[in-house]
Amino acid sequence: MQDNEKKCLELANRIYDLDAEVYKCVGSALGRTFTGNRESTVENLCMLMLTKPDGHLLRSELALIGNMARTIPDKEEKAQMMAEYDSILSEIESLPDSFGKVDIVDLARAELNPSAGKKLSENDHLVICISRTQGSAGNDIGFELADELHINYYDVEIFNQVLNRLEAEKGSVSDAETEHFTDFDKYRKKSFRLKTWLRDFNRYHGLPRQDAVFFNMSDLICNLARTEDCVIMGRCADSILANNHIPHISLFISAPFPLRIQRIMASKNMDFRQAARFLKQMDRQHKKYYDFYTGGRWGRAESYDLCINSANYGIGETIDLIERMIDQKRK
377 MQDNEKKCLE LANRIYDLDA EVYKCVGSAL GRTFTGNRES TVENLCMLML
427 TKPDGHLLRS ELALIGNMAR TIPDKEEKAQ MMAEYDSILS EIESLPDSFG
477 KVDIVDLARA ELNPSAGKKL SENDHLVICI SRTQGSAGND IGFELADELH
527 INYYDVEIFN QVLNRLEAEK GSVSDAETEH FTDFDKYRKK SFRLKTWLRD
577 FNRYHGLPRQ DAVFFNMSDL ICNLARTEDC VIMGRCADSI LANNHIPHIS
627 LFISAPFPLR IQRIMASKNM DFRQAARFLK QMDRQHKKYY DFYTGGRWGR
677 AESYDLCINS ANYGIGETID LIERMIDQKR K
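Following this line, the structure appears as structure tokens:
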């Protein structure tokens with residue numbers, strides 16, 4: 377404990393002296409960072425280093441000194457000041473209970489998703505899972521992103537064709553009816569027909585039809601992600617891949633409701649009231665489907681690696697933003 381206090385005292389004096397030297401080099405009209413005398417300032421700095429809850433205050437003081445040092449016009453003086461700044465910062469970070477010691481990583485999520493918290497390796501396929509709100513141009517962005525990256529693109533219509541061609545359900549399970557999630561309601565009472573119930577019971581091995589659709593789709597998504605680079609639209613792919621320990625990048629694309637209404641009115645030839653009703657229904661069904669099958673929260677930022685307001689960028693620049701993120705993950 378005494379060694380730690382001694383180290384803090386030494387660093388506090390160095391910080392005080394660095395502030396004076398930087399001010400001398402810059403001559404800033406804002407004045408020095410520390411305006412008190414040496415004794416009281418050093419004492420306060422020591423307390424900030426020793427008191428964990430106030431670590432952010434020390435970080436702010438150091439950042440201000442660093443900001444000023446970067447404006448020093450003389451290159452040699454600037455290099456000297458920044459070298460001392462970096463040295464002080466490094467030693468502070470090595471102190472017990474220093475700021476930055478408590479990480480924010482969700483260990484459980486990182487364990488489920490190997491792409492969280494580390495770079496994608498050369499052996500990992502680039503799998504981009506895109507969830508989106510209706511009318512946010514999410515599908516257009518996903519399609520053009522896949523085209524620019526020269527990788528495969530999958531949405532619900534393509535999945536249905538692939539499932540049929542592979543005869544995954546021997547022609548019996550298609551997701552076409554749930555394309556817009558209008559048929560998804562696990563708790564809605566339906567008319568009971570014994571003949572239909574017995575047929576579905578045998579066909580889906582006792583599973584409800586909607587669950588059979590989901591599980592077959594999940595198997596297909598995992599197989600694709602393990603064997604190729606691709607963009608996958610919706611289908612709870614982010615959660616499915618995380619639970620199967622398959623690296624991926626998860627994105628959520630949305631836009632303000634009024635702008636989504638305008639887009640739907642133009643693309644689907646609806647009036648304002650029809651478009652608003654349609655979007656609310658779609659958002660509700662997407663959320664119900666995702667939340668039920670994943671246990672997560674559809675559209676909540678903490679469920680994804682990156683959330684994007686496509687209205688701020690447009691289709692082209694949103695794609696550019698995603699590509700820059702991918703470049704960082706692959707370096």
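Throughout the sequence shown, residue numbering follows the numbering used here, covering 377 to 707 in sequence.
We treat Cβ as the ideally placed atom computed from N, Cα and C, and that holds for glycine.
May I have the straight-line CA-CA distance separating residue i from residue j, to the nearest angstrom?
i	j	result
D395	E693	42 Å
N599	E520	23 Å
L596	L539	8 Å
R611	A522	17 Å
F633	D587	31 Å
A687	D659	17 Å
E524	S507	19 Å
A455	A652	58 Å
C401	L424	26 Å
E533	D703	29 Å
E453	D393	15 Å
Y669	F590	8 Å
C384	G403	28 Å
D667	A439	42 Å
K566	I640	For K566, the predicted structure reports a pLDDT of 48, less than 50, and the residue's modelled location is therefore unreliable. A value from the coordinates is still provided. Cα to Cα, K566 sits roughly 31 Å from I640.
S615	M701	20 Å
P472	Y461	19 Å
L776	D681	Only positions 377 to 707 of the chain appear in the structure, and residue 776 is not among them; the question remains open.
M646	E469	58 Å
K644	R541	30 Å
I691	D516	7 Å
P623	K664	25 Å
R414	C683	47 Å
K562	Y529	Low per-residue confidence applies at K562: pLDDT is 40, beneath 50, and the placement is therefore not dependable, though the value from the model is reported in the following sentence. If you take the alpha carbons of K562 and Y529, they lie about 29 Å apart.
F535	T509	20 Å
R390	E397	10 Å
Using a Cβ-Cβ cut-off of 6 Å (strictly less than) and excluding sequence neighbours within five positions of residue i, which residues of its own chain qualify?
i	result
A388	V418, L421 and C422
L635	A687
H556	Unreliable positioning characterises H556 in this predicted model, as indicated by a pLDDT of 42, which lies under 50. The coordinate reading is nonetheless provided below. Excluding positions up to five away in sequence, the list is empty.
D531	M609
I504	V607 and I625
R408	D395 and Y399
Count the other CB atoms within 10 Å of the CB of residue i; is the residue buried (16 or more) or exposed (fewer)?
i	result
A677	exposed
L434	buried
G514	buried
A601	buried
N380	exposed
A613	buried
H518	Position check: residue 518 holds Gly in this sequence, whereas His was assumed. Buried.
N592	buried
F628	buried
F410	buried
A642	exposed
S436	exposed
S463	exposed
K412	Reading off the sequence shown, one finds Gly at residue 412, where the question assumed Lys. Its Cβ having fewer than 16 others within 10 Å, G412 is exposed.
S594	buried
G511	buried
L655	buried
P449	exposed
Helix, strand or coil, according to DSSP, for residue i in the structure here?
i	result
M609	strand
R446	coil
S594	helix
D676	For the sequence presented, residue 676 should be read as Arg rather than Asp. Correct three-state label for R676: coil.
Y689	coil
N620	coil
N528	strand
E386	helix
K533	According to the sequence shown, residue 533 is Glu rather than Lys. Helix, per DSSP.
S512	coil
R414	helix
P634	helix
D647	coil
D500	coil
T409	coil
S466	helix
L655	helix
E604	coil
Y403	Per the sequence presented here, residue 403 reads as Gly, with Tyr not at that position. It is coil, neither helix nor strand.
L471	coil
G518	helix
Starting from the C-beta of residue i, find all residues in its chain whose C-beta is less than 8 Å away, skip the five residues before and the five after it, and write them out in chain order.
i	result
M458	G442, A445 and R446
T603	H501
I637	G511, F648, A651, A652 and L655
Who are the near neighbours of residue i in its chain, counting only those whose CB is closer than 7 Å to its CB and skipping five residues on each side?
i	result
N685	S630 and A631
I698	L521 and L627
I527	L502, D605, C606 and V607
N620	C598
G672	S615, Y666 and S679
Per DSSP, which residues does residue i bridge with? Please list them.
i	result
F628	S507 and C683
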